[in-house]
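Right, one structure below, let's go through it.
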């Protein structure tokens, strides 16, 4: 069953009308699946433009293979994988595993829904086909208890080793705690004595040492742990352990209203907090079919680009610090401070802004915003130039970054890499270009792509992206700020003006219900995504019609980037790890959620 | 059955149903203020207007009986517009009270504005008509005349259900208001608490609940009132182990949408003066003990006394589940001939009404359950009166009482005290402190409250009803 929407409003909307049954037949994915696997399909829907196919669990591997290699489909990227517990929706079976696929060549998407058995939810692992399935399936196991058959290493990833139960299940109480009694090795099955610097004899008679890099470490920005087996200075093997900053974001959102989720999103990629706000706002706007006024879009896009610049400033600045080039850190944190001042003038906060709202932004920008923004934007190129002069052609920098941590294009796609790290490996995919939103289709900017896939190219891509972001900002500023409201005039989602709230009962009731009860969205599921500083950041939202989201999953680019870490590190030197980690820009808030 | 179409969906409804109820059958929630399932059809609020084919004007669906072939449109633009405008009219003089109004969170005006309104108001606040805001209408009700939308539900309730005619309309036009004659307090109506439930706005509020808690923080449990044998179905609203109110739950066959005020108040008994933990006598007084100590003591004394010297008395306040275990204990474990549960004569009055509405003369919820379980003496054993005589005669060494009604609900309390004093070991299951507990009991088992356990009760008409657990026990009590 699909919904056919009314006329599609302007380019500010990032969702499409649902297709009806006839139109669905013409979609290549539907055609191919119906002809190759007619008996596997349990249902096909198209809601808000998201194509979703429900298939039998036994057929998952074959269907996935078709999706990957069929010439018309070519779904080379498993973008996201998450679990669902439909217990409170009264559905049977209770569990589903949700897959989102993307084709970087055909530029189409599909969602697969696989219902799983209540008593023993189990399905084939997709790790043989896409490397990104590895950590994503571990997370679905951790949170829901799904068993992925033939997964190479199915163990918990975000919660600790002594955790009991599956926390995102609806019958798991949110306040149940489990204490961890001791540290464990990140290598499964390794005795605890090998925690510290233990020397072991390898089969070849050579000594190797287990060393913990992190979680407390000045160069792992955020609490990340890599337990490395060192062969001298080389990393012979490693296990990356995450979850130190896991704050059960997804579970908390189930007990808060849609607006109350905004402060939680700030704390995902906290280096560029506003981008998370907008990503979330767009998801709810897609579900509720809310049109954002052009003034709000203008504000959002400019601030998103400033946030992108901020993120890259931190990424490169700290990366260079880790390699010993301290001056560049100061050179980059000075313009970052100026951007903070601009954001503070808009909403009062610097880091965790909660400035986005469903339908626009929380409040209007100040009178002098254009001048202030222009001054801020004009102050930045100088610092980019300083760092470029100091670092790019510097012999030490070149030796530490060229050819270090090479990831091929195919590998990057298999790992689900998007954003600057993906583009540095030759994957020409930027959501702003491929699936425009926020007016990007009307703007002139280049998307830098390099082919070497090493640390140096990741640095270069980010440097160039900052220059391109400045181009976008100037174009938007030159157009002038559109007149109109800063948030949609829709009583379903936007708070009425305070003046009205105090003078008429309707506005008072409206305000009251929106705050205490939240929105009343339609029942449905959507996936919405933006190009955040680290790549495709998406939200998969399931609404049950009440004021609180039933389920919310954040597709975090850092999660998929970091999953490749162990493979990347094999054979590299410890110092290389530090250089590589900086360019991956792993933000723990986004990684662990 | 009558067949009609509503918004393109076919419905089959029994003859005599109104269109509003028929719409409910296909999931369409028609807004309404004056309509109530258990009151007469009024049609005055005009919120339920729908379009019916062949009719020149919109029709109030709450007063319109379904007819074969009727084609109803709820979502027609003019019907939607009418609902929106009607809401606007109702809100013209409504005060800006949401922040201080108890009804917030369960207010129809709020809900309907979000669902059917959404317009921008043009009413200047200074032009609103004002009325008296805090009118004390007696022990239970506070009236705010400004908030009233004149739906007449309370007037019809007092006329048709409780018969007290306590609330009436006064004056006319824009100054029309609800109230009592001279704003006198309401007395003599044991069902007046129900008007608070049916008032769709915050005009009539409960004095007991006023300002105590915001409703969206409350959790609910479905239970059964235990203050008489009618067993009205209730909803228990609680938070963090504290009950804030009982609200009647609709049951077509037992209590419709109503409950009496005694029942409403009875939630307080659940937390007042609780026995916190098992008590054991030491010298002249009772002291707290562990469950192990108390249970061991009772078990050893019961065993030592032998079956003929033990008497066990059940309780019509206990659930069927507890009573069943009591029966097993008495007949199969202890094997005493002294076993009865007809503690205070209330079982003879179980079916008798105390007023002409709901309340019955039997103040206990489960006499009928005890009868169904056969909790009476077998083989010629003594009834409760006989057991008391046996105690007086010194034949009973251990007396085990499953409740405290023998001390509180009998007329011959002096005789009961004398009899119990003669028993060397008295065990009582007590929920809260009662007079006589201190002097007479040797062991007190701290009982779980009605809301702290799940169980079933059988009401006066033989209906088995389930009471859900509201919250877990927070004292040292146990479900016995």
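Chains as they are written, first to last, in the working numbering: chain A, 20 to 612; chain B, 18 to 497. Beta carbons are placed, not taken as given, at the ideal position from N, Cα and C, and that holds for glycine. Given the structure is predicted, the values throughout are model-derived calculations rather than measurements.
Check your understanding: Since residue 64(A) and residue 96(A) are thought to touch, with beta carbons under 8 Å apart, how far apart are those beta carbons, to the nearest angstrom?
Key -> Within the first chain, residue 64(A) is the residue found at index 45, counting from 1. Within the first chain, residue 96(A) is the residue found at index 77, counting from 1. Rounded, the Cβ-Cβ distance is 22 Å, inconsistent with contact.
**Study point:** Closest residue to residue 46(B) among 92(B), 352(B), 461(B) and 306(B) (Cα-Cα distance)
**Key:** Within the second chain, numbered from 1, the residue matching residue 46(B) stands at position 29. Nearest C-alpha to residue 46(B): 92(B).
Practice item. Please classify residue 370(B): does DSSP put it in a helix, a strand, or coil? Key: Within the second chain, numbered from 1, the residue matching residue 370(B) stands at position 353. In the structure shown, residue 370(B) falls within a strand segment according to DSSP collapsed to helix, strand and coil.
Exercise for review: Determine, using beta carbons only, whether residue 23(A) comes closer than 8 Å to chain B.
Suggested key: Working through the first chain from its first residue, we reach residue 23(A) at position 4. Because the pLDDT of residue 23(A) is 26, which lies under 50, any placement of that residue in the model is unreliable, and the number read from its coordinates should be weighed accordingly. Residue 23(A) has a beta carbon lying at 8 Å or more from every beta carbon in chain B.
**Study point:** Residues within the region 37 to 57 of chain B neighbouring chain A, beta-carbon criterion of under 9 Å
**Key:** Cβ contacts with chain A: none found.
Point to revise | Proximity test, Cβ basis, 8 Å: residue 586(B) and chain A | key: Within the shown structure, residues of chain B are numbered from 18 to 497, placing residue 586(B) beyond reach of any answer.
Check your understanding: What's the gap between the Cα of residue 575(A) and the Cα of residue 153(A)?
Key -> Working through the first chain from its first residue, we reach residue 575(A) at position 556. Working through the first chain from its first residue, we reach residue 153(A) at position 134. Rounded to whole angstroms, residue 575(A) to residue 153(A) spans 15 Å at the Cα level.
Review point. Is the region 593 to 609 of chain A close to the region 54 to 73 of chain B, with three or more CB pairs under 8 Å?
Key: In short, these stretches do not touch, since the Cβ pair count stays below three.
**Study point:** Among 173(B), 255(B), 226(B) and 383(B), nearest to residue 480(B) - alpha-carbon criterion
**Key:** In the second chain, counting from the first residue as 1, residue 480(B) sits at position 463. Ranking the options by Cα distance to residue 480(B), first place goes to 383(B).
Check your understanding: Taking Cβ-Cβ distances below 8 Å as the criterion, which residues of the region 504 to 517 of chain A are in contact with chain B?
Key -> Contact annotation: in the region 504 to 517 of chain A, residues whose CB is within less than 8 Å of a CB in chain B are 510 and 511.
Review point. Relative to chain B, which residues along the region 472 to 486 of chain A have a C-beta separation below 7 Å, given in chain order?
Key: Cβ contacts with chain B come from no residue of the region 472 to 486 of chain A.
Exercise for review: May I ask you to list, following chain order, the residues of the region 254 to 269 of chain B that have a beta carbon less than 8 Å from some beta carbon of chain A?
Suggested key: Correct list: empty, as no residue qualifies.
**Study point:** Among 239(A), 105(A) and 69(A), the one whose alpha carbon lies nearest that of residue 610(A)
**Key:** Position 591 of the first chain, counted from the first residue, corresponds to residue 610(A). Closest by C-alpha distance to residue 610(A), out of 239(A), 105(A) and 69(A), is 239(A).
Check your understanding: residue 289(B) and residue 446(B): beta carbons closer than 8 Å?
Key -> By 1-based counting over the second chain, the position of residue 289(B) is 272. By 1-based counting over the second chain, the position of residue 446(B) is 429. Taking 8 Å as the Cβ cut-off, residue 289(B) and residue 446(B) do not qualify as a contacting pair.
Practice item. Have a look at 563(A), 179(A) and 350(A) and flag the residue whose alpha-carbon is nearest the alpha-carbon of residue 200(A). Key: Stepping through the first chain from its first residue, residue 200(A) is reached at position 181. Its Cα nearest to that of residue 200(A), the residue 179(A) stands out among 563(A), 179(A) and 350(A).
Check your understanding: For residue 191(A) versus residue 182(A), is the C-beta distance shorter than 8 Å?
Key -> For this step, residue 191(A) is matched to residue 172 along the first chain. For this step, residue 182(A) is matched to residue 163 along the first chain. The criterion of a C-beta distance shorter than 8 Å is not satisfied by residue 191(A) and residue 182(A).
Check your understanding: Can you list, in chain order, the residues of its chain whose CB lies under 8 Å from that of residue 370(B), leaving out five sequence neighbours each side?
Key -> Residue mapping note: residue 370(B) aligns to position 353 of the second chain, counting from 1. Cβ neighbours of residue 370(B) beyond the five flanking positions: 376, 377 and 378.
Exercise for review: Tell me, please, whether the CB atom of residue 134(B) is closer than 8 Å to any CB atom in chain A?
Suggested key: For the purposes of this step, residue 134(B) is identified with residue 117 of the second chain, where counting begins at 1. It does: the Cβ of residue 134(B) has a partner Cβ on chain A nearer than 8 Å.
**Study point:** Of the residues 274(A), 586(A) and 330(A), the one placed nearest residue 293(A), counting alpha carbons only
**Key:** For this step, residue 293(A) is matched to residue 274 along the first chain. Selection 274(A), 586(A) and 330(A) evaluated against residue 293(A) yields 330(A) as nearest (Cα-Cα).
Check your understanding: Can you list the residues of chain A that residue 111(B) reaches, using a CB-CB cut of under 8 Å?
Key -> The residue you call residue 111(B) lines up with position 94 of the second chain. Chain order gives the chain A residues near residue 111(B) as 524, where near means a beta carbon separation below 8 Å.
Practice item. Compute the Euclidean distance between the alpha carbons of residue 31(A) and residue 461(A), then round it to the nearest angstrom. Key: Taking the first residue of the first chain as position 1, residue 31(A) is located at position 12. Taking the first residue of the first chain as position 1, residue 461(A) is located at position 442. Residue placement at residue 31(A) is flagged as unreliable, the pLDDT there being 30, under the threshold of 50; the coordinate-derived value follows with that caveat. Each residue's Cα considered, the two are about 11 Å apart.
Review point. Would residue 142(A) be called buried (16 or more neighbouring beta carbons within 10 Å of its own) or exposed?
Key: Counting from 1 along the first chain, the entry for residue 142(A) is found at position 123. With 16 or more Cβ atoms within 10 Å of its Cβ, residue 142(A) is classed as buried.
Check your understanding: List, in order along the chain, the chain B residues whose C-beta lies closer than 7 Å to that of residue 532(A)?
Key -> For the purposes of this step, residue 532(A) is identified with residue 513 of the first chain, where counting begins at 1. Chain B residues near residue 532(A): 127 and 131.
Review point. In the structure shown, what three-state DSSP assignment does residue 293(B) receive?
Key: Against the second chain, residue 293(B) aligns to sequence position 276. Coil, per DSSP.
Review point. If you check the beta carbons only, do residue 472(A) and residue 423(A) fall under 8 Å apart?
Key: Taking the first residue of the first chain as position 1, residue 472(A) is located at position 453. Taking the first residue of the first chain as position 1, residue 423(A) is located at position 404. Their beta carbons are not under 8 Å apart, which means residue 472(A) does not touch residue 423(A) by this criterion.
Practice item. Assign residue 30(A) to one of three DSSP states: helix, strand, or coil. Key: What you label residue 30(A) is simply residue 11 of the first chain in a count that begins at 1. For residue 30(A), the predicted structure reports a pLDDT of 27, less than 50, and the residue's modelled location is therefore unreliable. The matter cannot be settled from this model.
Practice item. Give the straight-line distance between the Cα atoms of residue 17(A) and residue 594(A), rounded to the nearest whole angstrom. Key: Examination of residue 17(A) is not possible in this model, given that chain A is present from 20 through 612 alone.
**Study point:** Distance cut-off 7 Å: residue 44(A) Cβ against heavy atoms of the ligand GTP
**Key:** For the structure depicted, the ligand GTP is absent and the ligand set is empty, with no information on it obtainable.
Practice item. Could you check which residue in 143(B), 150(B) and 368(B) has the C-alpha nearest to that of residue 522(A)? Key: As a working note, residue 522(A) is residue 503 in the first chain. Considering only 143(B), 150(B) and 368(B), the residue with the shortest C-alpha distance to residue 522(A) is 143(B).
Review point. Leaving out five residues before and five after residue 485(A) in sequence, what residues of the same chain have Cβ atoms less than 8 Å from its Cβ?
Key: In the first chain, counting from the first residue as 1, residue 485(A) sits at position 466. Around residue 485(A), the same chain offers 327, 328, 331, 332, 399 and 403 as residues with beta carbons nearer than 8 Å, after the five sequence neighbours per side are excluded.
Practice item. Give the C-beta separation of residue 332(B) and residue 424(B) to the nearest angstrom, bearing in mind that I take them to be a contact with Cβ-Cβ under 8 Å. Key: Translated into the one-based positions of the second chain, residue 332(B) becomes position 315. Translated into the one-based positions of the second chain, residue 424(B) becomes position 407. Not confirmed; about 12 Å, so no contact.
**Study point:** Contact set for residue 440(B): own chain, Cβ-Cβ below 6 Å, skip 5 residues either direction
**Key:** For the purposes of this step, residue 440(B) is taken as the residue at position 423 of the second chain. Its chain contains 408, 413 and 416 as the residues whose beta carbon lies nearer than 6 Å to that of residue 440(B), once the 5 sequence neighbours on both sides are disregarded; these appear in chain order.
Practice item. Give the DSSP-derived three-state secondary structure of residue 267(A) in the structure shown. Key: On the first chain, residue 267(A) is found 248 positions in, with the first residue counted as 1. Coil.
Exercise for review: Would you mind stating whether residue 269(A) and residue 572(A) have Cβ atoms separated by less than 8 Å?
Suggested key: Taking the first chain and counting its residues from 1, the one referred to as residue 269(A) is at position 250. Taking the first chain and counting its residues from 1, the one referred to as residue 572(A) is at position 553. Residue 269(A) is a Cβ neighbour of residue 572(A), given a cutoff of 8 Å.
Point to revise | Start and end residues, alpha helix (DSSP H) containing residue 436(B) | key: For the purposes of this step, residue 436(B) is taken as residue 419 along the second chain, with counting starting at 1. 430 to 438 is the extent of the alpha helix (DSSP H) around residue 436(B).
Exercise for review: Tell me, please, which residues DSSP counts as bridged to residue 19(B).
Suggested key: For the purposes of this step, residue 19(B) is taken as the residue at position 2 of the second chain. Residue pairing of residue 19(B) in beta bridges, as defined by DSSP: 30(B).
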